[in-house]
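Q: This is the structure, below, for whatever I ask next.
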Amino acid sequence: MIKEEKVILMTKLASYESGKGKKDINILNYFRGDYIGFQILKSVIAATVSFFAVFAVYVFYNFETLIQDIYKMDLLSYGKTIIILYLCVVGAYGVISYVIYANRYNKAKKNLRVYYANLRKLAGMYADKE
Amino acid sequence: MTTLLVAKQYIKKFISKYEVYLKPLLKLVLALTALMMINGKIGYMQRLDNISVVLIVSLMCSFMPMNFIIFVAALFTVLHMYALSLECAVITLVVFLVLFLLYFRFSPKDTIVVLLTPMSFVLGIPYVMPLVMGLVGTPASVVSVGCGVIVSYLINYIADGANTLSAMETEDMATRFRFVIDGFLNNKAMILTIAAFAVTIILVYLIRRLSIDYAWTIAIIAGALADIMILLIGDLIFDTNVSILGLIVGTVFAVLVAKIVEFFAFHVDYSRTESVQFEDDEYYYYVKAVPKITVATPSRTVKKINTLKKRPVSTQARK
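Which chain is which? The protein sequence lines are C and F, in order.
If you read the first sequence in the numbering used here, its first letter stands for residue 130, the second for the next number, and so on.
If you read the second sequence in the numbering used here, its first letter stands for residue 7, the second for the next number, and so on.
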């Protein structure tokens, strides 16, 4: 006999598994610290690439003045300014990614908890039958 | 109004029934329109400005994820820019790179807005975007729409300056490079538009979430007025040459579109039909789960009032 209640429950579980659940399970394969750390690392790399792309455009834009002044200017302090700017950009972006990914991890955890509760309920149905 | 609501139910029913076919079709149409617009605006590379190429790529987009369309559109834009001049291509590439790396990394749900905003600019109805995104999006849509505005102004600027750029052929690369960057960054109209759209989105979003009667309608009107005000005041201060007639007509049109969106989006969850497969010890299940439609469409029933009396008592009781 097909039990309607069971089918509904199984459908819910299956649709979660094939949809949003896939992502959630992927996320929860990591420990919280590992997941967020890994995502921040990716963010830092992305921020670094973008920073240097923009910096390259800036250098090319000011190419003539830079070439003219290269012996006059204080390269050390110039480099320092750029490094500070770079750290600010990467830091800000890192903080934003931390907030977003910490939030995502918590949400995934919450969703998966509901999923496991339903799974237990389904297991309970089998236990009742036997 | 009742007729409209019934029509809406029919449309919903239709969508949930044929969703499997409608979605790729929608993607195909979107990709086709976007690529045709790009070719129309900046079709410098002859090889890409070809309807068969566009068709093949659009067909490919129709069964790929939504974000693939954005990728393809970005690729087309950069290639066209490359055909025009290397400097333009580099600048466009850097802009796209920063967008993709910094913003799309969070893969927000409304990335498609970055494509739709330039398209709405081409169609002359850019004011639709902030109103609609305020209604259906979140405050994060500010970034998406802002990126869209930047992309669209960049493309516009290069398309307008194409002749000047080709005339500067003899100049060295750095000069041309500086010409493009200067024009792009000193574009006060762009900054003003981004600011106005951001304020509009946040205002519409905040008002529509208030628990007052007609919150959505008030939100649309307040947003439209705020948009006009900011653009006009900005015009006075920065002298950005906003065409007042275009602004007002565009905003009225945007309000109309927003009303239509409100009609279809308000209180309605277009949750998707899902087909799932699973098995247990006894059966294989192939389940199609269709979301319930809350307001039932009137199914025509013929009620025979006179015959009722003639029926035996037992059937009436069973009813």
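Glycine is no exception: its CB is placed at the ideal position from the N, C-alpha and C atoms.
In whole angstroms, what separates the C-alpha of residue 192 of chain C from that of residue 182 of chain C?
A: 15 Å
Q: Quick one: which unbroken alpha helix (DSSP H) runs of 4-plus residues sit fully inside the region 76-132 of chain F? Chain order, please.
A: 92-104, 119-129
Q: At a CB distance below 8 Å, what residues from the region 215-228 of chain C approach chain F? Give them in sequence order.
A: 222, 226
Q: In its own chain, which residues sit with a C-beta less than 6 Å from the C-beta of residue 219 of chain C, not counting the 5 before and 5 after it?
A: 173, 176
Q: Who are the near neighbours of residue 203 of chain F in its chain, counting only those whose CB is closer than 6 Å to its CB and skipping five residues on each side?
A: 136, 151
Q: Spatial neighbours of residue 127 of chain F within its chain, please: C-beta separation below 6 Å, excluding the five flanking residues on both sides.
A: 158
Q: Alpha carbon to alpha carbon, how far is residue 288 of chain F from residue 140 of chain C? Give it in angstroms, no decimals.
A: 16 Å
Q: Less than 9 Å between CB atoms is the rule here; does residue 187 of chain F satisfy it with respect to chain C?
A: yes
Q: Any contact of the region 151-159 of chain C with the region 231-240 of chain C, i.e. 3+ C-beta pairs under 8 Å?
A: Under the 8 Å Cβ criterion, the region 151-159 of chain C counts as touching the region 231-240 of chain C, having at least three qualifying pairs.
Q: Taking only three categories from DSSP, how would you classify residue 293 of chain F?
A: strand
Q: Tell me the residue span of the beta strand (DSSP E) that contains residue 248 of chain F.
A: Residue 248 of chain F -> no beta strand (DSSP E), and no H or E assigned at all.
Q: Under the assumption that residue 39 of chain F contacts residue 76 of chain F (Cβ atoms under 8 Å), give the Cβ distance between them as a whole number of angstroms.
A: Contact doesn't hold; Cβ gap of about 14 Å is too wide.
Q: Which bits of chain F does residue 300 of chain C rub up against, with CB to CB less than 7 Å?
A: With chain C covering 130 to 259 only, the question about residue 300 of chain C has no answer from this structure.
Q: Checking 9 Å against the spacing of the C-beta atoms, do residue 208 of chain F and residue 145 of chain F come in under that value?
A: yes
Q: Please determine, among F:142, F:201, F:249, F:240, the residue with the shortest C-alpha to C-alpha distance to residue 212 of chain F.
A: F:142
Q: Please check if any C-beta of chain C sits within less than 9 Å of the C-beta of residue 286 of chain F.
A: Taking Cβ atoms only, chain C reaches closer than 9 Å to residue 286 of chain F, which makes this a yes.
Q: Among F:31, F:257, F:188, whose alpha-carbon lies nearest the alpha-carbon of residue 132 of chain F?
A: F:257
Q: DSSP on residue 217 of chain F, reduced to helix/strand/coil?
A: coil
Q: Mind checking if residue 295 of chain F is an interface residue toward chain C, Cβ cutoff 9 Å exclusive?
A: yes
Q: Over the uninterrupted beta strand (DSSP E) stretch that includes residue 283 of chain F, give me the two end residues.
A: 280-285
Q: In chain C, what lies closer than 8 Å to residue 80 of chain F by C-beta?
A: Neighbours of residue 80 of chain F on chain C: none; closest Cβ ~15 Å, over 8 Å.
Q: Using a Cβ-Cβ cutoff of less than 6 Å, which residues in the same chain neighbour residue 56 of chain F once the five nearest sequence positions on both sides are dropped?
A: none
Q: Start and end of the alpha helix (DSSP H) containing residue 25 of chain F?
A: 8-48
Q: Does any CB atom of chain F fall closer than 9 Å to the CB of residue 173 of chain C?
A: no
Q: Taking residue 112 of chain F as the query, report the chain C residues whose CB atoms sit under 8 Å from its CB, ordered along the chain.
A: 226, 229
Q: Taking contact to mean at least 3 C-beta pairs separated by less than 8 Å, is the region 183-198 of chain F in contact with the region 159-171 of chain F?
A: The answer is yes - the region 159-171 of chain F touches the region 183-198 of chain F, with three or more Cβ pairs under 8 Å.
Q: Buried or exposed for residue 236 of chain C, please, with buried defined as at least 16 other CB atoms from any protein chain shown within 10 angstroms of its CB.
A: exposed
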